[in-house]
Every structure is written in C-alpha cells, then in structure tokens.
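Scroll down for the structure; my scribbles are underneath it.
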Amino acid sequence: MQETLQSLLQQRLGDALLKLHVDCSLALVTPAADIRFGDYQTNAAMVIAKQERKNPREVAAQLIEQLQVDDIAATPEIAGPGFINFRLTTSFLEKQIATLLNDPRCGVALVDKPQTIVIDFSSPNVAKPMHVGHIKSTVLGDALARIARFLGHHVITDNHLGDWGTQFGKVIYGVKNIAKSKIETVHQLVELYREVNEKEEHDPEMKAAVREELVKLQQGDAENVAIWKEVVAISWKEFENIYQQLNISFDECLGESSYNEALEPLVKRLEQEGIAEESQGALVVFFKNHPTLAEKPFLIRKADGGFLYATTDIATLEYRKERWHPDAIWYVCGMPQQLHFEQLFATAKKIGISCELRHISFGSILGEDRKMMKTRSGENVELNALLEEALDRAFKLVSEKNPGFSDAEKKEIAQIVGLGALKYADLMQHRTTDTIFSWEKMLSFQGNTAPYLQNAYVRIQSILRKAKEAGEVVAFDSIKLQEDAERTLALQLLQFAEVVPAILSDARPNILCLALYELANSFHRFYEQCPILKAEESVKQSRLALAQLIGCVLRCGLELLGIKVPERM
RNA sequence: GCGUCCGUAGCUCAGGGGAUAGAGCAGGGGAUUUCUAAUCCCUUGGUCGCAGGUUCAAAUCCUGCCGGGCGCACCA
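See the structure below:
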C-alpha cells in the first residue's frame, strides 16, 4: 500500500502516541487549515488533554518529543490552543514527487479490499425524452463509477430503464388508433401519448379501450408486445445517441420489464411470509415500529391487482443480490424519492438482504429564477436541446479565440469544452445543493469551471510541444522546488492521492473538483511567476517535468469525472 | 399536520467539532512587444436565519422558533 503524506504523518503520530501509552483514535492528522500553519496539522494534543485533563500545550510538547519526523519534516511546532503543525522539508517533497513521474495512477493507491458495487443511475423513461432532470443522475453516477473502478472496486453499472408501466396502454392505443404514419421518434410518441391522455378524459369508452391494450400487453399479446418492443427501440436509439455524446456507457440496461415474471411470485411470497399484508384493498408492507415509517406503508400491489415500481425495485434488488452478490448497491436518484428508498431499504432488511444500500441523492437543477428549470411554455427542458446549446456556445467561444482552427477542430474542441462544462457544473457543487443553471458561469474561464481546468491543461501541452520542437529532451528524473509556487504545486500534486479515495465515503466528487481547481489555480500562478522555456537549463528541466506532471494529474482527475481534455483550445 | 433537506459576503457556492469563516462573480485598483491575458496580482465586502443548550473549543452537534424547497396509498 502506497503511503500518502497524510497517512505517513498519521503513522508517525500513532508511533508517538504508542510511546506515550496513549490510545486515541480521534487524534487525526489533517491538511493544514491555512498555509501559515505549515502543511499538515494535528489536534491530537487537544484531544488527549481533554481525555486526561491536562494542559494541551504541555501534552503537545511531550508529543513532539516523541515524534520521529526529522527525515520528512521540520521540527513540529505548537500553535494556538495546542495544535501541532508539520512542515514537510522541500527535499522530502522532491523525493516524493519523483515517485509520481511515470506513474499512470498519479500516486493513487488501489483499495485494500475491493468491493463489488452495483450502481443504478440515469434510468430514463421510455417513450419520453430525457430531460434536465436526468442529467445529474447520469453524470454523477458515471463519475462515481469511474472513480470506484479506478480505486480497484468491481463496479457494475446498471441503467434501470422505465420501460414498463401504465403509460404503455395509452401509447399502444395511440399507435393502433391515432397515428397516421409510422412512428419513428420519441417526439411522435409524446404527441400520441398527450393526445390519448386528453381524449380519454372525457371518453369513458376510450379509457376502457386504453386499459384493455395495457392488459393485453401484460398478458403477452403478440401484436402489443411487438409495438412495445418497437417503442423501446425508438427510445433507446435516442438515449444511446445522448450517452454516446456524453461518453457514458453501461454494463447492463436491465429495465423494469426485465422483472415482469418475478413480480407475481415475489408478492405471493411476501404475503405468505407475513411481510406484506392487505390494506384498503392493496397489498402493502408496514414498518410498525420504525421511528419515521410507522405510518408510511409501502405499496407493492394495487387494489386492481397491478404492480408498482416498489414491487419492481424489490425484485430488482433480489436479482442483483443473486447475480452479483454485491457488497453495496448505490441508487443515484433525486432527493424527492428519499421516502421510497427508505421504504425499499427497510423492506430489504425484512427480507434479509444485508448488503449496503445507499440512496445517493442530489439537488435539483433550477433556472435563474430559482424555480425548477422549465422552458417558456412550462415544459421540461430536453437533454438533447441542452447538449446542442452547449456545443453551440462552446463552438462560438472557440471560434472567437481561435478563428484559424478548422471547423472540424473547432467542433471537436466544442464537444470537449461544452460537454465538459455541462458535466463539471453538475459535479463541482456539493451534490445535495440545488444547482442554479447558468451557461455564462459554467462556460466561464474564471473560477471553478471545466474550461478553466482545460485551459490550464492546454497551456501545459503548448509548452511541452514547444519544448519538443526546440529539441528539448527532458529527462524527467529530478524536480527541484525553488519557488513557493513550485512547492505549493508539489504538495497539491501529492495530495491528489489523498483526495481521490476520500470521494466515495460520502459520494462527493466536488472535493475532487475543488482540488483540481486549486491545482489549476496554482499552475496559473506558477505560469505567471516562473518562466519555463526561458529558464536556465537545469531549472527548465525541473519545471518542464513539473508542468508535465500537473498536466497528467489534471487529465487523470478530469477523466475520473468523465470529462475530456483538448490539446488546443 | 407528519417527515425530510436547506438558510454562510450584493449574487453563486465551499467549509459540516478546532486557529483570525474561504472561493468565484459583481464593485474598485494594477500587470500584456506572452510559454495562449480564455490569465495573474492587490482591494472593498460577513452578529454563518433567530434564541437557548452541550463543549476547553460551535457556521458545524442538540432543542425550540422563523423562513423556504421537497415528499407523504394504489404514477415512476
């Protein structure tokens, strides 16, 4: 297991505590809260002082006497109420940074105990277009999958498509009775659905006919099944196009329809086992002694005998358990569905499914008016339109800056920058905070945005290209950290190994975004202050190597978020 | 009504027991014959919704209140 700076210091602290015969798991080494306090700090003395009713600064002094860090840091200092501050030596940082060169993992260790994790995300509904509401689940789920895989976990991504349900009665009725020509797009399906929906309101006969079509589908009627399959295929074609643009793929796309056969026996079993009971004509699961769910029954069969998405979700859970024996299942799904997942997980407990179940929820996307984002006519904003606008805006941006690029190159760059900006905007905030959608902000070159990070990368590549053209053969074997800017960069580069593993504990890619932003910011400062190509030979070598390393970490970090980097922009 | 999440600078947000609460934008002032200024530097701006409590230490934990979002039986 590779050490990070933090774990190394933590170990040294542990050794010192051992010598003092103190057992204290709360004594933590953390990155310094402020550069004035050095590189890392520990509150160990204060925690121990509390336990043993001693003076914290005295405890700190004793601790420092036992701390063996002279090979890596200056003598630790006591500060404030009893913090111990560590300042790593430059030579140690230089030594450590050398291990990063040529490391494709940028210093990030694999986890000790790989887990099998099923990640359920995206999950759009068939016969409807994907809209803004799907983007967070899709982008966040993909990023988490990439990160978990990178750390060595066995990840199964599963797109739980909404490809079954009452809406198909209407769609099939529409296809059979209303459609004038062959249906080829999701928009036509939506139109059809809308028309049927409106007409059946004041037409009981039609309502009955719609219902009949649904029943026939559920009973396996050949014609209706064929229409259903066609509808799924039309939808999938459009989804696939979006996923392709977003560079997102799935191991499995087991939609709700995959579990049709399992529902009946499942419900019977739950009833027999006394887990579910009848109530007001429906079959429900009660959680009688649960603090908050006591009065919230979980409906698994309607009074009319139909099943619900709760039913499908239980069946899906059992299927996943059986097929993959996962250690964890993550549901990347919006906040409004919290109650549903609490109920689902409580049910899982009742039926003896013990793997870790997490609802990874996230905030909504709001318009600049702070209300749910809608089009002027009050409809959901379609994802297709959103992607198109991202590409458009990015294309204009590139064209302004680099009119000389060919259209093909501009398009390629627009794709990377525009979609990167869109994804990054969904990942850079704490996931539960609502996002206020703003093209201007996400495409800005200032602040914590994808273009800012991509631009840092592009500048690095430009320098490396020039170096190559000038015939520089860079021996990336030694980095000398002379300037403050260089030292800061080295520290941040080494801390990448600490940040990435920390993301999953609370599913928060935003901490990676922040770290990358700070790295890019430090690079830009370094870029202003420290000439690279014009520096004298030995310094040039070191700075080129440092720049290359920054580029690698930026690229690696952005890739973990599902974002690409351009070579020019 | 019950549940749940949230209230931090003019705006958008970090920070979720530790030091003097941080960024970006906006406002003010500077830097460019460039290694891509799509950048950088300096600066103004905050009783962390309010009131109690726990603690050596609270924006952070607990309780109450105020204000908002979302969810609560046959949609997903």
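If you count by our numbering, then the first sequence holds residues 38 to 606, one letter each, in order. Cβ coordinates follow ideal geometry from the N, Cα and C atoms, glycine included. Note that this is a predicted model, so its numbers are computed, not measured.
Subject >> Residues of its chain near Ala352, where Cβ-Cβ distance is below 7 angstroms and the 5 sequence neighbours each way are ignored >> reply: Taken in chain order, the residues that qualify are Tyr296, Ala299, Leu300 and Leu303.
Subject >> Pair within 8 angstroms by beta-carbon distance, Ala64 and Leu54 >> reply: With contacts defined by Cβ atoms closer than 8 angstroms, Ala64 and Leu54 form a contacting pair.
Original post:
Secondary structure at Met38, three-state DSSP: helix, strand or coil?
Top reply: The predicted model places Met38 with a pLDDT of 49, which falls under 50 and marks its position as unreliable; any figure quoted below should be read in that light. Correct three-state label for Met38: coil.
Original post:
So what does DSSP say about Thr349, is it helix, strand or coil?
Top reply: Under the three-state reduction of DSSP, Thr349 is assigned to helix.
Original post:
What are the complete beta strand (DSSP E) segments, minimum 3 residues, inside the segment 368-445?
Top reply: Runs of the beta strand (DSSP E) lying entirely within the segment 368-445 and spanning at least 3 residues, in chain order: 393-397.
**OP:** Would you kindly work out how many angstroms separate the C-alpha atoms of Thr384 and Phe378, rounded to a whole number?
**Re:** Inter-residue distance for Thr384 and Phe378 is about 9 angstroms (C-alpha atoms, whole angstroms).
**OP:** For the alpha helix (DSSP H) holding Ser579, just list the boundary residues, first then last.
**Re:** Start and end: Glu574 to Leu597.
Original post:
Using the rule of at least 16 other Cβ atoms within 10 Å of the residue's Cβ for burial, across every protein chain shown, is Ala147 buried or exposed?
Top reply: Per the sequence shown, the amino acid found at residue 147 is Leu instead of Ala. With fewer than 16 Cβ atoms within 10 Å of its Cβ, Leu147 is classed as exposed.
Original post:
For Leu541, which option in Gly202, Val369 and Gly415 has the closest C-alpha, if you only look at C-alpha atoms?
Top reply: Looking at Gly202, Val369 and Gly415, the one whose alpha-carbon comes closest to that of Leu541 is Val369.
Original post:
How many Å lie between Gly318 and Ala340 at the Cα?
Top reply: Rounded to the nearest angstrom, the two C-alpha atoms are 5 angstroms apart.
Original post:
Taking the alpha-carbon positions, what's the Ile473 to His561 distance?
Top reply: The C-alpha of Ile473 lies about 27 angstroms from the C-alpha of His561.
Subject >> Minimum length 3: unbroken beta strand (DSSP E) runs contained in the segment 121-170 >> reply: You should have 153-157.
Original post:
So what's Thr175 in DSSP terms, helix, strand or just coil?
Top reply: The three-state secondary structure of Thr175, taken from DSSP, is helix.
Original post:
In this structure, does DSSP put Leu496 in helix, strand or coil?
Top reply: The residue asked about is misnamed: residue 496 is Arg in this sequence, not Leu. Arg496 falls in the helix class under three-state DSSP.
Subject >> Bounding residues of the beta strand (DSSP E) (the contiguous stretch that carries Gln78) >> reply: From DSSP, the beta strand (DSSP E) with Gln78 extends over Tyr77 to Thr79.
Original post:
Hey, out of Ala70, Leu50 and Val537, whose CA is closest to Cys61's CA?
Top reply: Here the closest residue by C-alpha is Leu50.
**OP:** Identify whether Thr67 lies in helix, strand or coil by the three-state DSSP scheme.
**Re:** In the structure shown, Thr67 sits in a strand (DSSP, three-state: E or B).
Subject >> Three-state secondary structure (DSSP) of Ala97 >> reply: Of the three classes helix, strand and coil, the one that applies to Ala97 here is helix, per DSSP.
**OP:** Please list the segments of the alpha helix (DSSP H) lying wholly inside the segment 276-351, counting only runs of 4 or more residues, in order along the chain.
**Re:** Runs found: 297-309.
**OP:** Using a threshold of 8 angstroms, state whether the C-beta atoms of Gln204 and Ala259 are closer than that.
**Re:** At least 8 angstroms separates the beta-carbon of Gln204 from that of Ala259.
Subject >> Of the residues Val84, Pro113 and Gly457, the one placed nearest Ala98, counting alpha carbons only >> reply: Scanning Val84, Pro113 and Gly457 for the CA closest to the CA of Ala98 turns up Pro113.
Subject >> Member of Val223, His197, Asn122 and His362 whose CA lies at the smallest distance from the CA of Ser391 >> reply: Nearest of Val223, His197, Asn122 and His362 to Ser391, Cα basis: His362.
Subject >> Closest Cα partner of Met479 within the set Val454, Tyr494 and Ser499 >> reply: Out of Val454, Tyr494 and Ser499, Val454 has the C-alpha closest to the C-alpha of Met479.
Subject >> Given 8 angstroms, three or more beta-carbon pairs between the segment 155-173 and the segment 420-431 >> reply: Taking 8 angstroms as the limit for Cβ pairs, the verdict is that the segment 420-431 does touch the segment 155-173.
Original post:
From what residue to what residue does the alpha helix (DSSP H) around Asp195 run?
Top reply: Careful: Asp195 lies outside any alpha helix (DSSP H), inside the beta strand (DSSP E) at His191 to Asp195.
**OP:** Label Arg231 either buried or exposed according to how many other C-beta atoms from any shown protein chain fall within 10 Å of its C-beta, with 16 as the threshold for buried.
**Re:** Arg231 should be labelled exposed.
Original post:
Taking the continuous beta strand (DSSP E) assigned at Ala116, which residues delimit it?
Top reply: Counted as a single uninterrupted DSSP element, the beta strand (DSSP E) harbouring Ala116 occupies residues Glu114 to Ala116.
Original post:
Between which two residues does the alpha helix (DSSP H) carrying Leu57 extend?
Top reply: Boundaries for Leu57: no alpha helix (DSSP H) harbours it, and the DSSP string shows neither H nor E there.
Subject >> For Ile22, the residue or residues it bridges with in DSSP >> reply: Residue 22 lies beyond the range of the chain shown here (38 to 606); nothing can be said about it.
**OP:** Would you mind sorting Phe324 into buried or exposed? The rule is 16 or more other CB atoms within 10 Å of its CB.
**Re:** With 16 or more Cβ atoms within 10 Å of its Cβ, Phe324 is classed as buried.
Original post:
When the Cα atoms are used, what is the spatial distance from Leu42 to Gln152?
Top reply: Cα-Cα distance, rounded: 25 angstroms.
Subject >> Nearest-angstrom Cα separation, counted from Glu437 out to Arg430 >> reply: Distance between the alpha carbons of Arg430 and Glu437: 11 angstroms.
Original post:
Looking at C-beta atoms only, is the number of pairs between the segment 187-197 and the segment 553-573 that lie closer than 8 angstroms three or more?
Top reply: Per the Cβ contact rule, the segment 187-197 is not in contact with the segment 553-573 (fewer than 3 Cβ pairs under 8 angstroms).
**OP:** Kindly indicate which residue of Asp406, Gly484 and Ile209 has the alpha-carbon position closest to the one of Lys266.
**Re:** Measuring C-alpha to C-alpha distances from Lys266 to each of Asp406, Gly484 and Ile209 identifies Ile209 as the nearest.
**OP:** Measure the Cβ-Cβ separation of Ser160 and Gly371 and say whether it is below 8 angstroms.
**Re:** Going by C-beta atoms, Ser160 is not nearer than 8 angstroms to Gly371.
**OP:** Look up Ile366 in the DSSP assignment and say whether it is helix, strand or coil.
**Re:** Residue state, collapsed to three classes: strand.
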